[in-house]
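Everything below concerns the one structure shown next.
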Ligand SMILES: Cc1cc2nc3c(=O)[nH]c(=O)nc-3n(C[C@H](O)[C@H](O)[C@H](O)COP(=O)(O)OP(=O)(O)OC[C@H]3O[C@@H](n4cnc5c(N)ncnc54)[C@H](O)[C@@H]3O)c2cc1C
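Numbering (my numbering), first residue to last: 7 to 320.
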């Protein structure tokens, strides 16, 4: 979302996108397994985010829909409410995918950048297979630690006493052949080890199975970072079934570890700055970690950096 925001705002420039993944969206991810669909990274966009441009883009291209669901603000304390959320028209990844399709960029997917070099003020990028030459600017929009590793020869990181940080999250996707009668569709604090749960049928109305995503808490994930997937899945399943009294047989279960899931300490909160740059203003680092933990923060971070690039290029 940060990279797309930059590309959207800098369309007058000749931009090329490189992504190690096979598709745009990063952590805004929709996964299809057989007949099951899961938004297993970002779940929804909050209705009260304050990034106006993102709302304009979503409405201009008709990318989102607002739905209202029964939501547990704190499941363990039995605090419930009706909550409005914004979801994608076809899963959350349809939002970045459609933005990408609409701005028509030169792009290289499945292209992990492993090195950046500078000669005579001109930057080059290296993937595992190729060299890409002649860039005036390089804007790196990936999790902080990874961007630090990639740019350490061109930016002096010893100047940073405090650094932004992330929480990791194990997510578990699970599905039942028959629909369970669970009225609460999403919520926080399902269990001391499960910080969030959300039903997927509210997003994908063609789903015939009952599909759910559980986020293990960051504390649990940190303490069990290398847990065997089967052990994690069995544990999450047993909590879920016990909590909702489910006796039906599970038809699908899979987990994923997000090492850099959500920003814990943002760069702006420790520095009051909105990006990191090399001294010569050629290389920039941005990402959700600059401002916060949501996809609207990612868009906002990209938009803020784009204003500066526009000034630099005049
Ligand atoms: C489990 C989970 C739940 C979440 N829930 C929500 C939610 O409900 N609502 C919300 O608003 N936000 C949520 N978020 C946060 C939201 O997904 C992120 O804030 C946002 O997507 C970050 O966008 P980004 O562009 O900064 O980074 P990313 O999405 O991480 O994008 C980085 C991109 O860079 C690519 N990349 C990385 N390294 C390289 C490399 N070396 N070379 C080339 N490409 C590279 C990646 O493939 C990726 O496409 C959640 C995140 C997770 C993981």
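Glycine is no exception: its CB is placed at the ideal position from the N, C-alpha and C atoms.
Quick caveat: nothing in here was measured; it's all calculated off a predicted structure.
Residue i: CB within 7 Å of a non-hydrogen atom of ligand 1
{"i": "residue 197", "result": "no"}
{"i": "residue 147", "result": "yes"}
{"i": "residue 50", "result": "yes"}
{"i": "residue 103", "result": "no"}
{"i": "residue 322", "result": "The shown model of the chain, from 7 to 320, leaves out residue 322, and the question about it has no answer."}
{"i": "residue 268", "result": "yes"}
{"i": "residue 32", "result": "yes"}
{"i": "residue 221", "result": "yes"}
{"i": "residue 152", "result": "yes"}
{"i": "residue 8", "result": "yes"}
{"i": "residue 264", "result": "yes"}
{"i": "residue 26", "result": "yes"}
{"i": "residue 299", "result": "yes"}
{"i": "residue 177", "result": "yes"}
{"i": "residue 119", "result": "yes"}
{"i": "residue 193", "result": "no"}
{"i": "residue 156", "result": "yes"}
{"i": "residue 304", "result": "yes"}
{"i": "residue 97", "result": "no"}
{"i": "residue 293", "result": "yes"}
{"i": "residue 70", "result": "no"}
{"i": "residue 94", "result": "no"}
{"i": "residue 47", "result": "yes"}
Residue closest to residue i, alpha-carbon to alpha-carbon, out of the options
{"i": "residue 48", "options": "99, 11 and 8", "result": "99"}
{"i": "residue 312", "options": "300, 292, 299 and 301", "result": "292"}
{"i": "residue 97", "options": "301, 24, 206 and 246", "result": "206"}
{"i": "residue 3", "options": "85, 227, 55 and 110", "result": "Lying outside 7 to 320, the shown extent of the chain, residue 3 is not represented and no answer is given."}
{"i": "residue 78", "options": "107, 41, 197 and 7", "result": "197"}
{"i": "residue 34", "options": "298, 267, 271 and 84", "result": "267"}
{"i": "residue 144", "options": "123, 222, 164 and 244", "result": "123"}
{"i": "residue 53", "options": "249, 300, 38 and 263", "result": "300"}
{"i": "residue 204", "options": "13, 89, 277 and 39", "result": "89"}
{"i": "residue 201", "options": "217, 178 and 188", "result": "178"}
{"i": "residue 82", "options": "162, 244, 27 and 250", "result": "250"}
{"i": "residue 169", "options": "278, 184, 84 and 9", "result": "278"}
{"i": "residue 270", "options": "259, 254 and 297", "result": "297"}
{"i": "residue 36", "options": "19, 95 and 15", "result": "95"}
{"i": "residue 130", "options": "154, 166 and 160", "result": "160"}
{"i": "residue 265", "options": "236, 188 and 172", "result": "172"}
{"i": "residue 247", "options": "275, 153 and 186", "result": "186"}
Contact check, residue i vs residue j, beta carbons under 8 Å
{"i": "residue 257", "j": "residue 215", "result": "yes"}
{"i": "residue 302", "j": "residue 63", "result": "no"}
{"i": "residue 220", "j": "residue 230", "result": "no"}
{"i": "residue 306", "j": "residue 194", "result": "no"}
{"i": "residue 134", "j": "residue 118", "result": "yes"}
{"i": "residue 289", "j": "residue 280", "result": "no"}
{"i": "residue 42", "j": "residue 93", "result": "no"}
{"i": "residue 76", "j": "residue 190", "result": "yes"}
{"i": "residue 314", "j": "residue 295", "result": "no"}
{"i": "residue 1", "j": "residue 21", "result": "Because the chain in this structure spans residues 7 to 320, residue 1 falls outside the shown range and cannot be described."}
{"i": "residue 199", "j": "residue 223", "result": "yes"}
{"i": "residue 67", "j": "residue 105", "result": "yes"}
{"i": "residue 4", "j": "residue 217", "result": "Because residue 4 is not part of the residues shown, which for the chain are 7 to 320, the question remains open."}
{"i": "residue 11", "j": "residue 304", "result": "yes"}
{"i": "residue 322", "j": "residue 27", "result": "Residue 322 lies beyond the stretch modelled for the chain, which goes from 7 to 320, so this question has no answer here."}
{"i": "residue 8", "j": "residue 308", "result": "yes"}
{"i": "residue 254", "j": "residue 184", "result": "yes"}
{"i": "residue 109", "j": "residue 17", "result": "yes"}
Proximity test, residue i beta-carbon vs ligand 2 heavy atom, cut-off 7 Å
{"i": "residue 301", "result": "Annotation note on ligand 2: not contained in the displayed structure, which lists ligand 1 as its ligands."}
Runs of beta strand (DSSP E) wholly within the stretch 8 to 62 (minimum 3 residues, chain order) = Runs found: 22 to 24, 36 to 39 and 42 to 45.
Which runs of the alpha helix (DSSP H) spanning at least 4 residues fall entirely within the stretch 246 to 312, listed in chain order?
-> 273 to 277 and 294 to 297
At which residue ranges does the stretch 141 to 213 contain complete beta strand (DSSP E) runs of 3 or more residues, listed in the order of the chain?
-> 144 to 147, 171 to 182, 192 to 197 and 200 to 205
What runs of the alpha helix (DSSP H), each 4 residues or longer, lie entirely inside the stretch 103 to 134?
-> none
Curious, which full-length beta strand (DSSP E) runs of at least 3 residues does the stretch 60 to 87 contain?
-> 70 to 80
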